[in-house]
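S.K.: Right, I'll just put the structure down here and ask away after.
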Amino acid sequence: MSEESKRREALIYHAKPTPGKIKVVPTKKYATQRDLSLAYSPGVAEPCLEIEKDKDKAYKYTAKGNLVAVISNGTAVLGLGNIGPEASKPVMEGKGLLFKIFADIDVFDIEVDTENVDEFIETVKKIAPTFGGINLEDIKAPGAFEIERRLKEELDIPVMHDDQHGTAIISAAALLNALELTEKKIDEVKIVISGAGAAAISCSRLYQAFGAKRENMVMLDSKGVIRDDRPDLSREKAEFATHRKIDTLEEAMKDSDVFIGLSMANVLSPEMLLSMAKDPIVFAMANPDPEIKYDLAIKTRKDIIMATGRSDHPNQVNNVLGFPFIFRGALDVRATKINEAMKMAAVEALARLAKEPVPEQVNIAYGETRLAFGRDYIIPKPFDPRLIAEVPPAVAKAAMDSGIAKKPITDWEKYRDSLLERLGSDNKLVRLLLNRAKLDPKRVVFAEADQLDVLKAAQIVYEEGIAYPILLGRKDDIERLKAEIEFDADVPIIDPKSDEEEARKNEYAKVYWQQRKRRGVTYYSAQKLMRERNYFAAMMVNEGDADALISGYSRSYPSVVKPMLELIGMAKGSTRVATTNLMMTKRGPLFLSDTSINIDPNAKDLAKITQMTSKVIKMFGLDPVLAMVSYSNFGSSENERASKVREAVSYLHRHYPDMHVDGELQTDFALNDEMLREKFPFSKLVGKKVNALIFPNLDSANITYKLLKELHEADSIGPIMMGMRKPVHILQLGASVDEIVNMTAISVIDAQQKGKWDIENKTSK
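In terms of the UniProt record's numbering, the numbers along the sequence shown are unbroken and rise by one, the last being 765.
Encoded structure:
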C-alpha cells in the first residue's frame with residue numbers, strides 16, 4: 001500500500017460515515033411527551049434543586065460520575081509536536097475511544113487554545129464541575145508538570161497527565177517483574193534513562209517510590225548526561241542530575257543493569273548493550289522506532305530482557321494497560337485525586353497479573369501455545385480480559401486506604417462482576433480474531449473478486465496481513481477495479497473461463513469426474529462445471545492450491561452451498577453441516593445456531609449442532625454456555641417442536657455431562673439469570689452467562705439474527721460453516737466490506753485449526 005493510499009485511508013476513516021470517532025447517545029427513554037417533560041422542563045427542575053442543596057448529588061442525577069475530560073492544548077502531540085488545539089482533536093477523540101472500549105468510561109475531548117500555563121489551569125478549573133475526572137494529554141514540558149501539580153492541588157476530582165504517568169506505571173510493572181526474573185534488587189541496580197521529558201521524569205520518580213536509588217540513576221537529554229554541574233537545569237532535570245563525571249550515553253551504559261529509553265530511534269548501539277551488566281533489562285520505548293531494534297538487541301545479548309512500545313514484539317509497554325483502568329477505579333469510589341498509592345497499586349496489580357495463568361482467549365489471540373511468566377512475558381497483553389477486573393479494584397482499594405474515596409466499595413465480588421459486565425460489545429473479540437489470523441495468514445480464494453466490495457475486502461486482508469488473496473473473475477474487470485481503489489499489489493487473478501486456465505480446468509474436471517462418475521456425472525459435464533467459479537474455487541481448496549474459500553456475496557445462499565457440499569463434503573466424523581452467527585451485542589458475544597442450513601432439524605441433529613457450536617466457541621477462546629431455546633420452558637408443552645429440544649438436551653446431558661447446556665428454555669429466561677434462578681433454580685445454566693442460543697429450526701434462528709443485526713445494529717460475523725471438511729465460508733447476500741473481512745479472518749483461523757488437526761491425526765497414526 002502506497003503512502004498516499006495509507007494517507008487517504010486514514011482520512012476516510014476519520015471522515016466517513018460520520019466525522020470523528022465518538023458521539024453522545026441518550027441513556028433515558030425519550031419516546032413520549034412524558035419522557036421529554038421528565039428529561040427537560042418541568043421535570044428536570046427536581047434534580048437541579050437536589051443538587052443545589054448538595055453538590056455531591058450531581059453524581060446521583062447526572063453523568064458526571066462516569067465522565068472524563070481529555071484535555072490538551074496540542075503542544076506535544078504524538079510524534080507531531082506543537083500542532084495546535086484544533087489539529088490535536090483527532091488524537092483526543094481517539095483517547096476517548098480507548099477510554100470507552102477498555103473501561104466503559106464516557107469522554108468529552110476538550111482542546112484549549114492557549115500555551116499560557118495560568119490560562120490553561122484557569123480554563124480547566126472553570127469547566128471541572130462537569131466531570132468526574134480530568135485526563136491531561138499531549139502538553140509540552142515543563143508546563144505539563146506545573147499544570148498537573150496545580151490542578152491536583154486545586155480540584156477535588158482525579159487528575160492525571162497520562163503522558164507522564166501512563167508509561168511510568170506500565171514500565172514499572174514490567175521492571176519489577178524483570179528484576180524478579182534476573183534476581184536483582186531494585187535498590188541496587190544501576191539505571192540509565194535516555195530522555196528527560198515528562199514521561200522520563202515520571203518513570204524515574206515512580207521507580208524511586210519502589211526503591212530505586214537516585215544515586216544509581218543517570219538521566220540524559222539531547223545535550224548528554226544531566227550532571228549536577230550543568231547550568232540552567234529545570235527543576236525536574238536538577239532532581240535527577242548525577243555527580244558522576246561522565247558526558248555520554250556510551251559512558252553511562254557501562255556496567256548498568258537497566259536501560260529506559262524514552263528518547264529517539266537507534267541511539268543505543270550493540271557495543272553499548274554489550275557493555276551492560278549480566279542479564280541486562282532494556283526498555284526501548286521510543287515509537288514507532290525504538291532506541292535499538294528488537295531483533296538486533298536479542299541477537300546481541302542472549303541474556304537480555306527486552307521491552308518496546310511496539311505490538312509486534314514481546315513485552316509491549318502500552319499505556320492502554322493503565323489509564324482506562326486507573327480512572328475506572330478512581331471514578332468508582334469517587335476519589336478526589338489520583339495519588340502515588342493508587343499508581344503504585346496499579347503497578348502491583350499489573351505485575352501480579354502477568355504471573356497468573358493466562359486465559360486461553362489471550363493465548364489464541366497472540367498465537368501462543370501457552371503464554372507464561374518469563375523473559376518474553378513480563379506484563380499482561382492489552383487484550384487480556386482480566387485487566388478490568390484486576391486493576392480498577394486495586395486502584396479503588398488504594399484510594400480507600402489513603403482516605404480520598406468518597407464512596408467506598410463494600411461488596412468487592414459484586415464490584416468485580418459489574419466491571420466484567422462493562423466489557424459489553426466493544427468488539428474486543430473482533431480484534432482478537434484479526435490478530436490471530438495475522439499470526440499465520442493463509443491463501444484465501446475470493447470467488448467473486450470482480451465485485452467492488454469483495455475486492456475492497458481482499459485489499460484490506462492483504463494489506464493488513466490477514467490473508468493472501470486469490471482473486472477469481474474476469475481479469476480485465478478486476479484489474480480495472482484494482483486501479484480504481486489503488487490496490488496495486490501483485491496478487492493472483494484467475495479467470496476460470498479463460499483459455500490459459502484450460503489445463504487446470506481439465507485436471508480439476510478429471511478429479512471431480514472420478515469422484516462422482518457413478519452419480520451421473522460425465523467428464524464433459526465436469527469440464528463444464530469447472531467454468532463456474534464456485535466449483536473451480538472449491539476444487540482449488542480440495543487440491544491444495546488454496547487454503548480457504550469465500551463466496552456468496554452476489555448469489556443466493558443455496559446456490560453457493562450446493563457445490564460446496566458436493567465437492568468439499570463433511571469433515572471426518574461429522575454427520576451434519578450447520579452454521580452459526582456470532583453477534584456482537586451489548587451483553588457481549590452471542591452465537592446463534594443454525595442460521596442458514598437446517599430447516600427443521602430433529603433431536604439428533606440439534607444435539608450435533610450444539611456440539612459443533614460449542615467447538616466453534618472454544619475456537620474463539622471462550623467457555624461455551626449454551627441454551628437450547630423454544631417457546632416453552634422445561635416441559636411446559638408436549639408439542640413435538642418442544643419435545644425434540646428436550647430430547648436433544650437429555651442426550652447431551654447423558655453423553656456430555658460437563659457441557660454447560662440446558663433447555664428447552666424461552667429466550668428471556670436463557671438470557672436473564674435472575675429470572676432463571678427464581679423460576680428454575682435447578683437449571684445447569686444458573687449463575688452462568690449464556691453465550692450461545694441453539695434454535696429449534698431455521699426460521700427462528702435466521703429471523704432472530706437478522707432482527708438483532710438491523711434493529712440493534714449488532715455487528716454480525718457469519719454464517720460460520722460448521723462440519724465441513726475444508727475451510728469454506730459463505731457470505732450473506734450483499735455482505736458489507738467489514739463482514740467480508742471478518743469472515744476472511746474466520747476462514748484463515750479455520751484453516752489454521754484444520755491444519756493443526758491434520759498434523760495431530762498424522763502424528764497419532
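For every residue, glycine included, the Cβ atom is placed at its ideal position computed from N, Cα and C.
So, helix, strand or coil for S643, using DSSP?
M.R.: Three-state DSSP puts S643 in a helix.
S.K.: So Y656 is in the beta strand (DSSP E); what residue range does that whole segment cover?
M.R.: Looking at the DSSP string, Y656 is not in any beta strand (DSSP E), and its letter there is neither H nor E.
S.K.: Which runs of the alpha helix (DSSP H) at least 4 residues long sit entirely within the stretch 284-361? Give them in chain order.
M.R.: List check, alpha helix (DSSP H) in window: 294-300, 323-332 and 340-353.
S.K.: Suppose the cutoff is 6 Å on Cβ atoms and the five residues either side in sequence are ignored; what does the same chain contact list for S425 look like?
M.R.: Low confidence applies to S425: its pLDDT is 43, below 50, so where it sits in the model is not reliable enough to give any reading.
S.K.: Can you look up R725 in the DSSP assignment and give me helix, strand or coil?
M.R.: It is coil, neither helix nor strand.
S.K.: Strictly by DSSP, which residues pair up with V218?
M.R.: V192, per the DSSP bridge assignment.
S.K.: By the three-class DSSP mapping on this structure, what secondary structure does D109 have?
M.R.: Residue state, collapsed to three classes: strand.
S.K.: Within its chain, find whatever has a CB closer than 7 Å to the CB of N534; leave out the 5 residues flanking it on each side and keep chain order.
M.R.: Cβ neighbours of N534 beyond the five flanking positions: A447, S551, V560 and P563.
S.K.: Would the stretch 155-171 and the stretch 138-145 be scored as touching if the rule is three or more Cβ pairs under 8 Å?
M.R.: Touching, yes.
S.K.: Any idea what DSSP makes of R531, helix, strand or coil?
M.R.: Reduced to three states, the DSSP call for R531 is coil.
S.K.: Taking C-alpha atoms, which residue in L671, K28 and S747 lies nearest to F620?
M.R.: Among L671, K28 and S747, the Cα nearest to that of F620 is on S747.
S.K.: Taking just the CA atoms, how far does D113 sit from N435?
M.R.: Their Cα atoms are separated by approximately 39 Å.
S.K.: Could you tell me the alpha carbon to alpha carbon distance between I83 and I121, rounded to whole angstroms?
M.R.: If I take the Cα positions, the gap works out to 20 Å.
S.K.: On the criterion of 16 or more Cβ atoms from any shown chain inside 10 Å, does P19 qualify as buried, or is it exposed?
M.R.: Exposed, because fewer than 16 other Cβ atoms sit within 10 Å of the Cβ of P19.
S.K.: Can you give me the C-alpha to C-alpha distance between A503 and K689, rounded to a whole angstrom?
M.R.: Computed Cα separation, rounded: 54 Å.
S.K.: Which full runs of the beta strand (DSSP E) of 3+ residues lie inside the stretch 106-149, going along the chain?
M.R.: With a minimum length of 3 residues, the continuous beta strand (DSSP E) runs that stay inside the stretch 106-149 are 106-111 and 133-136.
S.K.: Whether or not the stretch 82-100 and the stretch 24-32 are in contact is what I'm after, with contact meaning three or more pairs of Cβ atoms, one per stretch, closer than 8 Å; do they touch?
M.R.: No contact exists between the stretch 24-32 and the stretch 82-100.
S.K.: What are the start and end residues of each continuous alpha helix (DSSP H) run of 4 or more residues lying completely inside the stretch 262-286, in chain order?
M.R.: Whole alpha helix (DSSP H) segments, 4+ residues: 270-274.
S.K.: One question on the structure: do T130 and K55 come within less than 8 Å of each other, judged by their Cβ atoms?
M.R.: No, these two residues do not count as a Cβ contact at 8 Å.
S.K.: Going straight from the alpha carbon of Y523 to that of T580, what length do you get?
M.R.: Near 36 Å, if we compare the C-alpha coordinates of T580 and Y523.
S.K.: Using a threshold of 8 Å, state whether the C-beta atoms of residue 839 and F327 are closer than that.
M.R.: For the chain, the structure presents residues 1 to 765; residue 839 sits outside this window and is missing.
S.K.: In the DSSP assignment, find the unbroken alpha helix (DSSP H) run with A168 in it and report its ends.
M.R.: That run of the alpha helix (DSSP H) goes D162 to T182.
S.K.: Skipping 5 residues on each side, what residues in its chain have a beta carbon closer than 6 Å to that of residue 776?
M.R.: In the structure displayed, the chain extends from 1 to 765; residue 776 sits before or after that span and is not available.
S.K.: Could you tell me the boundaries of the beta strand (DSSP E) in which T579 lies?
M.R.: Start and end: A578 to T585.
S.K.: L452: which of K482, E464 and P26 sits nearest, CA to CA?
M.R.: Cα-wise, what sits closest to L452 is K482.
S.K.: Classify residue 767 as buried or exposed, calling it buried when 16 or more other Cβ atoms lie within 10 Å of its own Cβ.
M.R.: The chain is shown from 1 up to 765; residue 767 falls before or after that span and cannot be answered.
S.K.: In whole angstroms, what is the alpha-carbon distance linking L565 and V728?
M.R.: Cα-Cα distance, rounded: 10 Å.
S.K.: CB of R214 to nearest heavy atom of the ligand NAD: below 7 Å?
M.R.: Here there are no bound small molecules, and the ligand NAD is not part of this structure.
S.K.: Mind the definition here: the stretch 333-342 touches the stretch 400-415 only if three or more C-beta pairs lie below 8 Å; say whether that holds.
M.R.: In short, these stretches touch, since the Cβ pair count reaches three.
S.K.: At what residues does the beta strand (DSSP E) containing P469 begin and finish?
M.R.: Taken as a continuous stretch (DSSP letters only), the beta strand (DSSP E) holding P469 covers A467 to L472.
S.K.: Apply the 10 Å Cβ neighbour rule to G520 and answer buried if 16 or more other Cβ atoms are within range, or exposed otherwise.
M.R.: Exposed, because fewer than 16 other Cβ atoms sit within 10 Å of the Cβ of G520.
S.K.: For A15, which three-state DSSP category applies?
M.R.: Here A15 sits in helix by DSSP.
S.K.: Alpha carbon to alpha carbon, how far is K505 from R474?
M.R.: So the two alpha carbons sit approximately 16 Å from each other.
S.K.: By Cβ distance below 6 Å, which residues in the same chain neighbour A398 in space, the five residues on each side in sequence not counted?
M.R.: These residues qualify, in order along the chain: A341, M342 and A345.
S.K.: Kindly list the residues whose CB is nearer than 7 Å to the CB of I246, restricted to its own chain and excluding five residues on each side of it in sequence; keep chain order.
M.R.: The answer, listed in chain order, is V225 and A252.
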